[in-house]
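Position in the sequence shown counted from 1, then plus 879, gives you our numbering. Where a beta carbon is used, it is the ideal one built from N, C-alpha and C, also for glycine. Some notes on the structure that comes next.
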Amino acid sequence: MEGVFRRHRLLLTFLCCLMAALLLTILWYPDHFSTSRKGTQQSGIEGDIIQHEESALFSPKALDVQDIPPASVTHKPDPPTGKPPKLEKPSKPKSPGSLAPNRTEVNEALYPDTTVEKEWISIEDSSNGLTLARRTVYYDTRSSFSPSVVIIVLHNHEKQPNLPKLYAKVTGQSSCSAVEHWKQTGNVVKSPWYEVTLSHVYRIQLNQRPESIQLSKDSQCNKLLPLMPVFKAKEVKKKYTFTTCIQKALYDDIQPAEVVNFIELNRALGSSMITIYFHRNLKAKDAIYKAIETYIKTGYVEVLGWSLVDGWLGQVFDVALSASATECVYRHMAISEYMALHDVDEFLIPMKHEDWFGMLNELKNKNDLSKYASLSFANSLFQEKEEAGPKMECVVPIYFKRYLRDDNPKTSHPKVMVNLNITITAYCHDIKTWKDGAEKELLVPFEIGLLFHYRKQLGHRVNVAQRWKHDTIVNKYMDTVIAALRKNSCITK
């Protein structure tokens, strides 16, 4: 028995010595242990990404890119005092080939023919006036407004002057709530163009984001319309500075090279993400989708369907541009400060700086940009006369072939960069509604920035009074764009 106790005493003595040695080591080398803990915390922060999530009820399978992070843009911390913070641009535009997506499988499916039922919910049929609601709805948490679920609605005011009264049931709640009509985009116009179907935003003020809602036309919600998923964009500590939306759904004869060339110049200008809509009558949609699939896989481009009921094109101006432009505000509001909003043949070009970062820094130094809902860029058209352009195996971008532009830019038909913090609805040439107390727009001085417009056919837009100037300023992006086209999506015809 005494031998057993002796062995236990020896074991206890050994353990005490071991613990004492460990304690002395920690006290003697404190920096080593604190550095390890710090490194672990940093590695967690560096892993933050932005993702889009959307219900499978709405997203077509071939367009399921919500688990792929967009390219990130880093910024310097804001200084505590003094001049507005200077924006830091990327050292050079990132190329899709250099980004590692979160998944490796190859998506062989081309863009599917979506149906109006996947994209829209019919509230009233043509016998009572025609009203559609966009199937996906949005949760607005911007500090300028009350937290709300936002619903985008198209309504034909000619067939039915009065808007429908809407009610809703929110997932997880038993009550039936009235839906507030928030804002209307534009007004009915019958000359010089015909626009009687307008977009509207309705909202339900809620303090928490629900998973989905269901609309109804009766105050008791006895008859519910199909489920509407609530779009979710994960929050990040620092938003992008710039994103882009092609405001009008691509349709008819738009070609793959036009879209790819649009993407690469916007990347060079400083955009961190692009939203594109495909209309149901876009003839080359399969070829376009295949050409831009690399960008979709990396999360740099998202493609959304924009089908409309047969017969609507005679009543909807510019394939319901007011609804798609407004929807882009809500798709981008959680991830970006500014969104360039224009057509596929237009570009917001800095006249003094290398990119949008430098341009915005100068505007910030001269103005309080927080009070303006948009930056407005005067429209400068380019003549149809084309030069040979650079020698390359890909289709030469139109902006490297046309150099004669109107030196009398038109402020009557501008395009805008939207301040996503305070804008409510957007339209073709401007924004339509914004935060109370703010100002609609700041006209960007011509010497700082212009809209370069490469319309395929100018027609009546050219007159002898226009002054034409040979302007090659876009060539400063030539090396970057050509290298990116060769690497990512070289369209040869």
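- For the 8 Å CB-CB criterion, Ser1259 and Leu1329 form a contact.
- Residue ranges of uninterrupted alpha helix (DSSP H) with 4 or more members, entirely inside the stretch 1092–1178 and ordered along the chain, are 1135–1148, 1164–1176.
- Inter-segment contact for the stretch 1177–1184 and the stretch 1273–1283 is absent: fewer than three beta-carbon pairs are separated by less than 8 Å.
- DSSP lists Val1295, Leu1322 as the bridge partner or partners of Ser1255.
- Inclusion of Thr1154 and Cys1207 in the CB contact set at 8 Å is warranted, their separation being smaller than that value.
- About 6 Å separates the beta carbons of Leu1103 and Lys1048, which is inside the 8 Å limit, making them a contact pair.
- Separation of Thr1123 and Ser1095 (C-alpha to C-alpha, rounded to the nearest whole angstrom) is 34 Å.
- Following the DSSP letters along the chain, one finds Asp1358 inside the alpha helix (DSSP H) bounded by residues 1357–1367.
- In the structure shown, the three-state DSSP call for Ala1057 is strand.
- Under the three-state reduction of DSSP, Arg1210 is assigned to helix.
- Closest in C-alpha terms to Ile1352, from the list Leu1148, Asp1315, Ala1213, Glu1263, comes Leu1148.
- Following the DSSP letters along the chain, one finds Lys1348 in no alpha helix (DSSP H) but inside the beta strand (DSSP E) bounded by residues 1347–1349.
- For Leu1045, the three-state secondary structure derived from DSSP is coil.
- Inter-residue distance for Phe1236 and Ser1025 is about 30 Å (C-alpha atoms, whole angstroms).
- In terms of Cβ geometry, Val1109 and Ile1092 form a close pair [threshold 8 Å].
- With a cutoff of 8 Å on beta-carbon distance, Trp1185 and Phe1157 are scored as near each other.
- Contact check for Ala1166 and Pro1135: beta-carbon distance about 5 Å, within the 8 Å limit, so the pair qualifies.
- Of all C-beta pairs linking the stretch 1027–1044 to the stretch 1315–1328, fewer than three are shorter than 8 Å, placing the two stretches out of contact.
- For Ile1303 against Thr1312, the beta-carbon gap comes to about 4 Å, under 8 Å, which counts as contact.
- One thing to note: Gln1345 has its Cβ no nearer than 8 Å to the Cβ of Glu1263.
- Counting along the chain, Leu1242 sits inside the alpha helix (DSSP H) bounded by residues 1235–1245.
- Short of 7 Å from the beta carbon of Arg1014, and not among the five residues preceding or following it, lie these beta carbons of its own chain, in chain order: Phe937, Lys997, Glu998, Trp999, Ile1000, Met1107.
- Under a 10 Å Cβ-count criterion, Asn1035 is classified as buried, with 16 or more other Cβ atoms of the shown protein chains found around its own Cβ.
- About 26 Å separates the CB atoms of Thr1076 and Ala1219; that is not less than 8 Å, and the two are not in contact.
- Per DSSP, Ser1186 has no beta bridge partner at all.
- Annotated three-state conformation of Asp1197 is helix, per DSSP.
- In this structure, DSSP gives Glu998 a helical state, which the three-state scheme calls helix.
- Its chain contains Tyr1046 as the residues whose beta carbon lies nearer than 8 Å to that of Asp1097, once the 5 sequence neighbours on both sides are disregarded; these appear in chain order.
- The C-alpha of Thr1064 is placed about 12 Å away from the C-alpha of Glu1074.
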